[in-house]
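Structure record follows, encoded as structure tokens.
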Amino acid sequence: MHLDLNEIYAAGGHPEAIRALLAERGVPEGRPLVAYCHSGQRSELAAALLRQAGVDAVNYAGSWHEWSRRGAGA
Numbered sequence: 000m001h002l003d004l005n006e007i008y009a010a011g012g013h014p015e016a017i018r019a020l021l022a023e024r025g026v027p028e029g030r031p032l033v034a035y036c037h038s039g040q041r042s043e044l045a046a047a048l049l050r051q052a053g054v055d056a057v058n059y060a061g062s063w064h065e066w067s068r069r070g071a072g073a
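Now the structure itself:
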């Protein structure tokens, strides 16, 4: 599921609106989420906003930089 940080911002920081946005995307309530982006900065903001809304969310801090450096069987 893709959810852009701007969509979370558009929810205005309202926990109900953020949870409704996730529900619209088919995310079951209580499902843990992992946020990621190119460098881990925007995804940390997204994870923090999701946590404020009561969502079990963490940031994959290494994001694409770390993932892209892994070898082919890692």
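Here numbering that gives the first Met the number 0 is used: position 72 in the sequence shown is 71, and no number is missing along the way. A virtual CB, placed ideally from N, CA and C, is assigned to each residue, including glycine.
Measuring CB atoms only, is the stretch 33–41 touching the stretch 13–21, in the sense that at least three cross pairs come out at less than 8 Å? Three or more Cβ pairs closer than 8 Å define a contact, and the stretch 33–41 falls short of that threshold against the stretch 13–21.
Starting from Ala56, trace the beta strand (DSSP E) both ways and give me its first and last residue. For Ala56, the enclosing beta strand (DSSP E) starts and ends at Ala56 to Asn58.
What is the residue span of the beta strand (DSSP E) that Ala34 lies within? If you look at Ala34, you'll find it in the beta strand (DSSP E) that goes Leu32 to Ala34.
Kindly indicate the opening and closing residues of the alpha helix (DSSP H) around Pro27. Unbroken run through Pro27: none, as it is neither H nor E.
Helix, strand or coil at His64 [DSSP, three-state]: If DSSP states are grouped into helix, strand and coil, His64 belongs with the helices.
Can you give me the Cβ contacts of His64 inside the same chain, cut-off strictly under 8 Å, excluding the 5 residues immediately before and after it? For His64, same chain residues with a beta-carbon under 8 Å away, outside a window of 5 residues either side, are His37, Ser38 and Gly39 in chain order.
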